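Below is one structure; the comments refer to it alone.
Residue numbers (our numbering), protein chains in the order written: chain A, 147 to 682; chain B, 47 to 388.
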């Protein structure tokens, strides 16, 4: 080892690279296999051979790449808007934010994206009508801007919250030390703001990924998108899902590259430079960010929710839509429940099983988990849709509700994994050793962990995944077994056929249900905090 | 019989040696106090005895039977030992009595019998009224008493205490030491006790092992070692002794500012270090040591002074109220002893 420790740092870097490469390989190999299968299947069919090679380009780049370019442009525009909205709110939440404000700031994330898109659609249409603009959204440029705004209004908290956390954990001490040397404004822009860069760019990266792979918003605003094309391919080639791979390839590879670049960048610039400062609120003035925070919360939370609550007839259930809606709602609950259970079993189980595993194993799971959370849902749909094309007994499993335990398990396992890992870290080694001293068996150990230190954390993770799965559209639509229609799909169909009156009451119910579930998750999180405080 | 014997234990964590050739004995029903600065290997030694870690070499016997070594490693719960950690490890969702009952789950006892035994263990530690309380509502002392009850409910032959009272205040520590003294008297448990604040443990301890950087520096009966440490490190660590350098004369005695000190283990002409405890002095008008106080500060029960005595500066603890510049006559009540570099 070199005296300055650079040898150790170098080893750490190369280990991170290895983890990252292995993670990307784990995701890349199934995709490559899928493409290989695509060629094999078409090669076996002489009628298709002539079509394969010449049409591959148009499969990857439908409309000559214009769809993907539109997709990228939409995500970039929305990211720019989100940064403008999120930065002042993040600064205010970090410096002065109270629990109520944080809850309000999280609320746009609670509403399922496609429902948020519906709400924004009729909100903006109402506004346009009010201004006498009529069918203003028929213009593609305006549709594009509206779609970007919808994405920004939905996902800005993913940028604001990391900024708030970073400023709360690392800004105060630096600010206090520099307060004697320069005026507050100079201290903020020259010392604090550069320190927030990892959080800001990390949040912006996540936002970009979410915007890039979003399905509901381009669908609602008729914006050309590679995501829509990829799902359309999957719908067309239900029996041969491998054929849908080329169209989704640019999305998957872009997401993989962004995930990898982001992780490497964050690994080089350790997040949080002075954790010892502790989470405390500032006493200093924050008028400009307070005013902007109120404005952003009003524009992105109060306006759409008011618009939803005042929609004509939303509180008068329409008989024609009530019964099918109720069935779809129950179906959505079943899928979400199965999915949350699958994710918790996979995520919490992995966290428990790898408690003593080498860091490289845990790092690998971390990379895969993050990737599967942010990768376009088309990848999971493709992987699992392939099962339907397999032997009859495999197809029977993949064509049943059980597939959602796997699909949402893969999609969201990172959440219970991370929550359980955090809780375990605080639980400490002494408990593990006490279990050994008392000679407790594995079942009793697991029960003790679930009932004790980890119980509320696992419950919290289950509820969060349940809320996410309940509002999820893509996987629910494309993997639902025959005869099952979850609420997301039901609502999508209602909106597609312009039956807004019937759909809006269910949108209201789903939003209320999501808020209730997230509140329960908050209570479980609070309970976890109290539990840990009792043990540490 | 639950005596503990460790022979030639070696343990490394990566490149760092934690224990090097450590041997020690705890007699049946005895209390062995394990002392040393941070990183000396005290907790590692305790973990090896508990079976939580395996040594790289060496043997551990409990009650004469090999539990570690010679290819054997008895699991922790089958060794007849109980461990009390520095921080109580009680499961927050279980009541105090249920936490104690956990220790009996593998004993094939009826639930009623387990509950009865757990209640009895809590009763012995004065926790009957708090038996149905959850850990979150217990104080630090109560939590540690429940931990102790859980450790003792299985009637272990050996109790391993890893600084169990480090985070408690003086009164609670004294209270728990009284409980341990009662346990020692009633049930004759062998104890290995790691402690930083060893004053309270001295009341119970029979033997003492002093570790430094993973090696045994001193070991032996506790009262002997406290009175006559044999090494420079032991003298400093155990009694905060003054160390005086001298040369052994032809009569086998080293001449110091405190007078001639017999050095039977040294040859004439050898350089020797002589240790004298700060508590070894008494102000006495007829004392033959005349010192000038350079600095004095009140420490609650005595004055900690720095005194100039025949060209040497000594730390001494005196009951008398003194100030800088005072001239005093001192008498030695404990003779200085020669100590060796370890």
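Each residue gets a CB set at the ideal place from its N, CA and C atoms; glycine is no exception. These numbers were taken from a predicted model, which means no experiment stands behind them.
Cβ shell of residue i (< 7 Å), same chain only, five flanking positions each side left out
| i | result |
| --- | --- |
| residue 115 of chain B | 104, 105 and 106 |
| residue 136 of chain B | 145, 181, 189, 192 and 193 |
| residue 56 of chain B | 65, 66, 67, 101, 102, 103 and 104 |
| residue 112 of chain B | 105 and 118 |
| residue 603 of chain A | 565, 566, 569 and 674 |
| residue 53 of chain B | 69, 104 and 105 |
| residue 228 of chain B | none |
Rounded C-alpha distance that separates residue i from residue j
| i | j | result |
| --- | --- | --- |
| residue 330 of chain B | residue 280 of chain B | 29 Å |
| residue 476 of chain A | residue 589 of chain A | 33 Å |
| residue 198 of chain A | residue 249 of chain A | Low confidence applies here, because residue 198 of chain A scores a pLDDT of 46, under 50, leaving its location unreliable; read the following figure in that light. Near 51 Å, if we compare the C-alpha coordinates of residue 249 of chain A and residue 198 of chain A. |
| residue 242 of chain B | residue 79 of chain B | 10 Å |
| residue 512 of chain A | residue 287 of chain B | 54 Å |
| residue 375 of chain B | residue 51 of chain B | 48 Å |
| residue 196 of chain A | residue 389 of chain A | Annotation note: pLDDT 41 at residue 196 of chain A (below 50); position unreliable, coordinate value reported separately. If you take the alpha carbons of residue 196 of chain A and residue 389 of chain A, they lie about 15 Å apart. |
| residue 509 of chain A | residue 406 of chain A | 13 Å |
| residue 367 of chain A | residue 553 of chain A | 27 Å |
| residue 327 of chain B | residue 349 of chain B | 12 Å |
| residue 220 of chain B | residue 133 of chain B | 18 Å |
| residue 226 of chain B | residue 235 of chain B | 9 Å |
| residue 611 of chain A | residue 302 of chain A | 20 Å |
| residue 368 of chain B | residue 325 of chain B | 16 Å |
| residue 597 of chain A | residue 138 of chain B | 9 Å |
| residue 123 of chain B | residue 231 of chain A | 58 Å |
| residue 580 of chain A | residue 313 of chain B | 53 Å |
| residue 481 of chain A | residue 613 of chain A | 11 Å |
| residue 384 of chain B | residue 335 of chain B | 19 Å |
Neighbourhood of residue i by C-beta, 6 Å cutoff - its chain only, sequence neighbours within 5 removed
| i | result |
| --- | --- |
| residue 285 of chain B | 323 |
| residue 563 of chain A | 493, 496, 497 and 515 |
| residue 519 of chain A | 560 |
| residue 353 of chain B | 337, 339, 360 and 362 |
| residue 641 of chain A | 264 and 649 |
| residue 356 of chain A | 301 |
| residue 187 of chain B | 214 and 218 |
| residue 525 of chain A | 398 |
| residue 254 of chain B | 79, 268 and 271 |
Beta-carbon proximity list for residue i, same chain, < 8 Å, skipping 5 on both sides
| i | result |
| --- | --- |
| residue 247 of chain B | 77, 79, 223, 239 and 241 |
| residue 438 of chain A | 234, 235 and 238 |
| residue 666 of chain A | 609 |
| residue 143 of chain B | 161, 164, 165, 168, 177 and 178 |
| residue 387 of chain B | 277, 278 and 319 |
| residue 549 of chain A | 530, 533, 543, 625 and 627 |
Quick check for students: name the residue ranges of the beta strand (DSSP E) that lie wholly in the segment 296 to 376 of chain B, counting only runs of 3 or more. 299 to 302, 305 to 308, 317 to 322, 327 to 329, 335 to 344, 349 to 355 and 358 to 364
Going along the segment 590 to 611 of chain A in order, which residues come within less than 8 Å of chain B, judged by CB to CB distance? 590, 594, 597, 598, 599 and 601
The segment 454 to 471 of chain A in contact with the segment 641 to 655 of chain A per 3-pair CB rule at 8 Å: yes
Between the segment 211 to 221 of chain A and the segment 353 to 365 of chain A, do three or more beta carbon pairs fall short of 8 Å? Taking 8 Å as the limit for Cβ pairs, the verdict is that the segment 353 to 365 of chain A does touch the segment 211 to 221 of chain A.
May I ask you to verify whether the segment 617 to 636 of chain A touches the segment 473 to 492 of chain A, counting CB pairs closer than 8 Å and requiring at least 3? yes
Contacting positions in the segment 204 to 235 of chain B - beta carbon closer than 8 Å to chain A: Listed by position, the residues of the segment 204 to 235 of chain B near chain A (Cβ gap below 8 Å) amount to none.
Cβ contact check for the segment 74 to 93 of chain B and the segment 247 to 259 of chain B: 3 or more pairs under 8 Å: yes
Would you check if there are 3 or more beta carbon pairs closer than 8 Å linking the segment 540 to 559 of chain A to the segment 578 to 592 of chain A? no
Residues within the segment 494 to 518 of chain A neighbouring chain B, beta-carbon criterion of under 8 Å: Cβ proximity to chain B below 8 Å picks out nothing from the segment 494 to 518 of chain A.
Report yes or no: do three or more beta-carbon pairs, one from the segment 121 to 129 of chain B and one from the segment 163 to 177 of chain B, lie closer than 8 Å? no
Please identify, using Cβ separations under 9 Å, the residues of the segment 82 to 115 of chain B that lie next to chain A, in order along the chain. 93, 96, 97 and 98
Counting pairs of beta carbons, one from the segment 616 to 623 of chain A and one from the segment 259 to 271 of chain A, are three or more of them closer than 8 Å? Enough Cβ pairs lie closer than 8 Å, so yes.
Looking at C-beta atoms only, is the number of pairs between the segment 314 to 321 of chain B and the segment 341 to 355 of chain B that lie closer than 8 Å three or more? no
Contained beta strand (DSSP E) runs [length at least 3] in the segment 54 to 112 of chain B, N- to C-terminal order: 62 to 72, 77 to 81 and 103 to 108
Can you give me, in chain order, the residues of the segment 563 to 582 of chain A that have a beta carbon less than 8 Å from any beta carbon in chain B? 574, 576, 577, 579, 580 and 582
Complete runs of the alpha helix (DSSP H) confined to the segment 441 to 495 of chain A [at least 4 residues]: 449 to 455
May I have a chain-ordered list of the beta strand (DSSP E) segments no shorter than 3 residues that lie completely inside the segment 137 to 175 of chain B? Correct list: empty.
Every unbroken alpha helix (DSSP H) within the segment 227 to 279 of chain B, with a cutoff of 4 residues, ordered by chain: Every alpha helix (DSSP H) of 4 residues or more that sits fully in the segment 227 to 279 of chain B is shown, in chain order, as 245 to 248 and 268 to 273.
Check each residue of the segment 149 to 174 of chain B: if its Cβ is closer than 7 Å to any Cβ of chain A, include it; give the result in chain order. 149, 151 and 152
I'd like the ranges of any alpha helix (DSSP H) spanning at least 4 consecutive residues and lying wholly in the segment 169 to 216 of chain B. 186 to 198
May I have a chain-ordered list of the alpha helix (DSSP H) segments no shorter than 4 residues that lie completely inside the segment 601 to 653 of chain A? Runs found: 601 to 616, 620 to 625 and 633 to 642.
Entirely within the segment 562 to 593 of chain A and at least 4 residues each: give me those alpha helix (DSSP H) ranges in chain order. Correct list: 575 to 584.
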